[in-house]
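Novice:
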Amino acid sequence: MPTITFTQPTGEATEVTVEEGTSLMRAAVTNGIEGIVGECGGQAMCATCHVFVRPEFAGQLADLSADEDEMLDCTTAERTEASRLGCQIKMSTELDGIVVDVPSDQV
Amino acid sequence: MGNNCADSVLIIGAGQAGIQVADSLRAEGHTGPITVLNNEVHHPYQRPPLSKDYMGVDWPSEPLPLRGPGFLEAKGITMLGAEATSVDTAARTVHLADGTSIGYSQLVFATGAANRQLPCPGADLAGVHALRTLDDALGLQDALSTARKVVVIGAGFIGLEFAAGARTRGLDVTVLEFAQRPMGRALSAMASDWFAARHLADGIDLRLNEGVTAIHDAGEGLSVESTAGRAYPADLVLYGVGVNPRTDLAEAAGLEVQNGIVVDAALQTAVSGVWAVGDCASFQHAASGERMRLESVQNATDQGRHVARTIMGANAAYSETPWFWSTQGPIRLQIAGVSHPGDLPVMIGDPAAGKFSIALLREGKLAAVESVNSPADHIAARKLIGLGLELTAGDITTAGFTFKALAKEVLMVGS
Ligand SMILES: Cc1cc2nc3c(=O)[nH]c(=O)nc-3n(C[C@H](O)[C@H](O)[C@H](O)COP(=O)(O)OP(=O)(O)OC[C@H]3O[C@@H](n4cnc5c(N)ncnc54)[C@H](O)[C@@H]3O)c2cc1C
Ligand code: FES
């Protein structure tokens, strides 16, 4: 099963293991990761699951959909090149070991 | 208002609003005891997926928690599996179903809403379902896996989300709505008419101006009889005919109730230290001056955050711009603001391609925007509504106009 490491702005890192197909947002919320809220239940409607994906994993991610792109324009922490919505990242073996940074604010 | 950071806070209801109050209190630095009463058997979960992901083809194996169990524990939030049966605001005590009681310094009603019953004979037959809780959704999944003909009563959000899900499973779906338009309470006529046409085109037999008179057990399945004198065979009936706020506890405690627990602009009841948030609260919206009660995740979470900050000493009127979303099959609807029947609708975008927004103007100002598959419009609208900006239909239909560009312009000037 793939693992995800969530790194907080404080530097504290938490590794969680999830089933394939689980979204990164669901993994974070279920495991009580601070700073990932997921208020719309994963519908790309709220942008409270914003994460910064470390560049070494960016290439393995599915392309940004138009919806995700537009929603990323309303994140609370400023959007960067590395910004993605956690609910749109489905975990797979290719993404095993992915490291994401949690923004300082989501709402 | 004083800072009550060490007060004991008791929250009745472990739904979207109640859990938000608890989480935000800790985030704001509250150090006293926080207890949340949960009268459901499940760990607190999110409701919106229940009528969407849960009813489609590929349903999730686990509910999506509002916060993980480890999170609540780490924050020192006590979850108590208990139902409140009465509240004594003079003694600052809540009595529980198991005969025990619990004291508080601050009390938050976050009791949500309950489905309105279907007012017709046969509503309690096996095979007739409502949808509010996780258990309701699990029961519906069972029923969906063997059903072929589905009748949905009520073309509100939940009814249509369910209907669209059942269609993606290839089932025959009929929707009966006694009103003239689907989602008529929340949407402009222009948006509502577009949805009606789209659902028909997607193969949902949507019948407007047609109510239900009775449901019968027809031996092999159910038969739903309508005001038009027709009978629809069904092996699954779902009704979604609205909700009532859960106000009985508050009312019995002597608090004012008027389609919701009445709270002031700070979301406090007439009794100091007693608050109400989310689906159960009738509140005074500071920005618009209107009294309203909303049923949405945004309303539950923003009100939860507001009350937490107020308990911690902040002194502001609640004035967040309401927003809401619904997904119906591939259609993504987002609403910013609250529309009124008399608002002037202005279409922007391409309704034929299923990508557009409808701006609703009231007294020359932008009051609400309904967006279909147009998140950029929605996000911009959320920022614009509430600024009290003057806007005309001509402005919006001018070539090159976008809400996004307008928001950028206005917010740049303002900052
Ligand atoms: C199927 C469905 C789909 C939805 N989809 C959307 C959507 O797409 N977008 C959107 O914005 N909103 C949606 N909503 C609405 C949204 O989920 C609600 O507005 C929100 O959950 C309200 O939160 P709340 O905490 O006020 O109430 P609730 O979530 O209902 O929580 C109240 C809790 O209090 C408990 N309670 C009541 N009385 C007592 C008592 N005496 N003692 C102890 N506990 C008690 C209840 O059992 C319940 O668990 C949907 C709702 C449903 C049912
Ligand atoms: S959970 Fe709402 S956008 Fe990802």
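Taken in order, these protein sequences are the chains called A and B.
For the first sequence, the working numbering begins at 59 and goes up steadily by one.
For the second sequence, the working numbering begins at 3 and goes up steadily by one.
Idealized CB from N, CA, C, for every residue including glycine.
1. Quick check on Ala71(A): does DSSP put it in helix, strand or coil?
2. Thinking just about the alpha-carbon of each residue, which of Gly17(B), Gly78(B), Leu82(B), Val110(B) is nearest to the one in His308(B)?
3. Any residue with its Cβ nearer than 7 Å to a heavy atom of ligand 2 should be included. What is that list in chain order?
4. Can Asn375(B) be considered in contact with ligand 1, in the sense that its beta carbon sits closer than 8 Å to one or more heavy atoms?
5. Taking Phe73(B) as the query, report the chain A residues whose CB atoms sit under 7 Å from its CB, ordered along the chain.
6. Enumerate in chain order the residues of its own chain whose CB-to-CB distance from Ser228(B) is below 8 Å, with the five nearest sequence positions on each side excluded.
7. Please go through the same chain and pick out, in chain order, the residues whose beta-carbon is closer than 6 Å to the beta-carbon of Asn375(B), but skip the five residues on each side of it.
8. Since Gly99(A) meets chain B, which of its residues come closer than 7 Å, beta carbon to beta carbon?
9. Quickly, what does DSSP pair Met294(B) with across the bridge? List them, please.
10. Roughly how many whole angstroms lie between the Cα atoms of Ala382(B) and Val74(A)?
11. Taking the C-alpha atoms as reference points, what is the distance between Ile94(A) and Glu78(A)?
12. Nearest to Ala283(B) by CA position, among Gly275(B), Leu363(B), Gly161(B), Asn246(B), is which residue?
13. Hey, is Gly155(A)'s beta-carbon within less than 9 Å of any beta-carbon in chain B?
14. Which of the residues in the region 289-317 of chain B, read from start to end, lie with their CB under 9 Å from any CB of chain A?
15. Is it the case that the Cβ atoms of Ala112(B) and Ala278(B) are separated by a distance below 9 Å?
16. For Met3(B) and Glu139(A), I'd like the C-alpha separation in whole angstroms.
17. Are there 16 or more other CB atoms within 10 angstroms of the CB of Gly114(B), so buried, or fewer, so exposed?
18. Would you kindly report the start and end of the unbroken alpha helix (DSSP H) that includes Val76(A)?
19. Where does the unbroken alpha helix (DSSP H) through Ala436(B) begin, and where does it stop?
20. When the Cα atoms are used, what is the spatial distance from Ser373(B) to Ile263(B)?
21. Rounded to a whole number of angstroms, what is the C-alpha to C-alpha distance between Gly124(B) and Ala401(B)?
22. Determine, using beta-carbon pairs with one atom in the region 312-322 of chain B and one in the region 155-168 of chain B, whether at least three such pairs fall under 8 Å.
23. Per the DSSP calculation, Ile234(B) is bridged to which residue(s)?
24. In chain B, what lies closer than 7 Å to Met103(A) by C-beta?
25. With DSSP as the reference, identify every bridge partner of Ala216(B), one or two as the case may be.
26. How is Gln66(A) classed by DSSP in three states: helix, strand or coil?
27. Helix, strand or coil for Val276(B) per DSSP?
28. Touching or not, the region 105-117 of chain A and the region 83-98 of chain B, by the rule of three or more beta carbon pairs under 8 Å?
29. With DSSP as the reference, identify every bridge partner of Ser321(B), one or two as the case may be.
30. Exposed or buried, which one is Leu127(B) when buried takes at least 16 other CB atoms within 10 Å?
31. Would you call the region 288-297 of chain B in contact with the region 131-150 of chain B, where contact means no fewer than 3 C-beta pairs closer than 8 Å?
32. Compute the beta-carbon to beta-carbon distance between Pro60(A) and Asp154(A), rounded to the nearest angstrom, for a pair I have assumed lies under 8 Å.
33. Nearest chain B C-beta to Cys132(A) closer than 9 Å, yes or no?
34. Under the three-state reduction of DSSP, which class applies to His108(A): helix, strand or coil?
35. Would you say Trp327(B) touches ligand 1, meaning its beta carbon is less than 8 Å from a heavy atom?
Specialist: Looking at the coordinates:
1. Taking the first residue of the first sequence as 1, we reach residue 71(A) at position 13. Strand at Ala71(A).
2. Taking the second sequence and counting its residues from 1, the one referred to as residue 308(B) is at position 306. Ranking the options by Cα distance to His308(B), first place goes to Val110(B).
3. With the cut-off at 7 Å, the residues found are Met83(A), Gly96(A), Glu97(A), Cys98(A), Gly99(A), Gly100(A), Gln101(A), Ala102(A), Met103(A), Cys104(A), Ala105(A), Thr106(A), Cys107(A), Met129(A), Leu143(A), Gly144(A), Cys145(A), Gln146(A).
4. Within the second sequence, numbered from 1, the residue matching residue 375(B) stands at position 373. Flag unset: Cβ of Asn375(B) not near ligand 1.
5. In the second sequence, counting from the first residue as 1, residue 73(B) sits at position 71. Those are Gly90, listed as they occur along chain A.
6. Taking the first residue of the second sequence as position 1, residue 228(B) is located at position 226. Correct list, in chain order: Leu178, Arg209, Glu212, Gly213, Val214, Thr215, Tyr234.
7. Position 373 of the second sequence, counting from 1, holds the residue named residue 375(B). The beta carbon of Asn375(B) sits closer than 6 Å to the beta carbons of Arg334, Gly356, Lys357 from its chain, once the five residues preceding and following it are set aside; these are given in chain order.
8. In the first sequence, counting from the first residue as 1, residue 99(A) sits at position 41. Those are Gln48, Pro50, Pro51, Leu66, listed as they occur along chain B.
9. The sequence position of residue 294(B) within the second sequence is 292, counting from 1. According to DSSP, which records beta bridges pairwise, Met294(B) is partnered with Phe285(B).
10. Position 380 of the second sequence holds residue 382(B). Position 16 of the first sequence holds residue 74(A). Each residue's Cα considered, the two are about 35 Å apart.
11. Counting from 1 along the first sequence, the entry for residue 94(A) is found at position 36. Counting from 1 along the first sequence, the entry for residue 78(A) is found at position 20. Roughly 20 Å separates the two Cα atoms.
12. As a position in the second sequence, residue 283(B) is number 281, starting the count at 1. Closest by alpha carbon: Asn246(B).
13. Working through the first sequence from its first residue, we reach residue 155(A) at position 97. Cβ-Cβ to chain B under 9 Å: no for Gly155(A).
14. The region 289-317 of chain B vs chain A, Cβ under 9 Å: Val299, Gln300, Thr303, Asp304, Arg307.
15. For this step, residue 112(B) is matched to residue 110 along the second sequence. For this step, residue 278(B) is matched to residue 276 along the second sequence. Yes; because the gap between Cβ atoms is below 9 Å, this pair is in contact.
16. To locate residue 3(B), count along the second sequence from 1; it is residue 1. To locate residue 139(A), count along the first sequence from 1; it is residue 81. Summary for Met3(B): the model assigns pLDDT 47, below 50, so the residue's position carries little reliability; its value from the coordinates is reported in the next sentence. Whole-angstrom Cα-Cα distance: 43 Å.
17. Translated into the one-based positions of the second sequence, residue 114(B) becomes position 112. Taking all protein chains in view, the Cβ of Gly114(B) is crowded by 16 or more other Cβ atoms within 10 Å, so the residue is classified as buried.
18. In the first sequence, the residue the question calls residue 76(A) occupies position 18. The continuous stretches of alpha helix (DSSP H) do not include Val76(A), and DSSP gives it neither H nor E.
19. It is not possible to answer for residue 436(B), since the shown part of chain B is limited to 3 through 417.
20. Here residue 373(B) corresponds to residue number 371 of the second sequence, with the count starting at 1. Here residue 263(B) corresponds to residue number 261 of the second sequence, with the count starting at 1. Answer to the nearest angstrom: the Cα atoms are 31 Å apart.
21. As a working mapping, residue 124(B) is identified with position 122 in the second sequence. As a working mapping, residue 401(B) is identified with position 399 in the second sequence. Approximately 55 Å between the Cα atoms of the pair.
22. No, because fewer than three Cβ pairs between the region 312-322 of chain B and the region 155-168 of chain B fall closer than 8 Å, the two stretches do not touch.
23. Residue 234(B) sits at position 232 when you count from the first residue of the second sequence. Sequence inspection shows Tyr at residue 234(B); the Ile mentioned does not correspond to that position. Tyr234(B) pairs with Val226(B).
24. Taking the first residue of the first sequence as 1, we reach residue 103(A) at position 45. Residues of chain B with a Cβ closer than 7 Å to the Cβ of Met103(A) are, in chain order, Trp327, Gln336.
25. For the purposes of this step, residue 216(B) is identified with residue 214 of the second sequence, where counting begins at 1. Beta-bridge pairing links Ala216(B) to Glu227(B).
26. Taking the first sequence and counting its residues from 1, the one referred to as residue 66(A) is at position 8. In the structure shown, Gln66(A) sits in coil (DSSP, three-state: anything other than H, G, I, E or B).
27. Sequence index remark: in the second sequence, residue 276(B) carries index 274 (1-based). Reduced to three states, the DSSP call for Val276(B) is strand.
28. The region 105-117 of chain A vs the region 83-98 of chain B: no contact.
29. The residue you call residue 321(B) lines up with position 319 of the second sequence. Answer is none; Ser321(B) lacks a bridge partner.
30. Along the second sequence, one-based indexing puts residue 127(B) at 125. Under this definition Leu127(B) is an exposed residue.
31. No, because fewer than three Cβ pairs between the region 288-297 of chain B and the region 131-150 of chain B fall closer than 8 Å, the two stretches do not touch.
32. As a working note, residue 60(A) is residue 2 in the first sequence. As a working note, residue 154(A) is residue 96 in the first sequence. The pair is a contact, with the Cβ atoms about 4 Å apart (cut-off 8 Å).
33. If you number the first sequence from 1, residue 132(A) lands on position 74. Cys132(A) counts as touching chain B.
34. Reading the first sequence from its first residue, position 50 is the one you call residue 108(A). Looking at His108(A) - three-state DSSP - the assignment turns out to be strand.
35. Position 325 of the second sequence, counted from the first residue, corresponds to residue 327(B). Yes - ligand 1 has a heavy atom lying nearer than 8 Å to the Cβ of Trp327(B).
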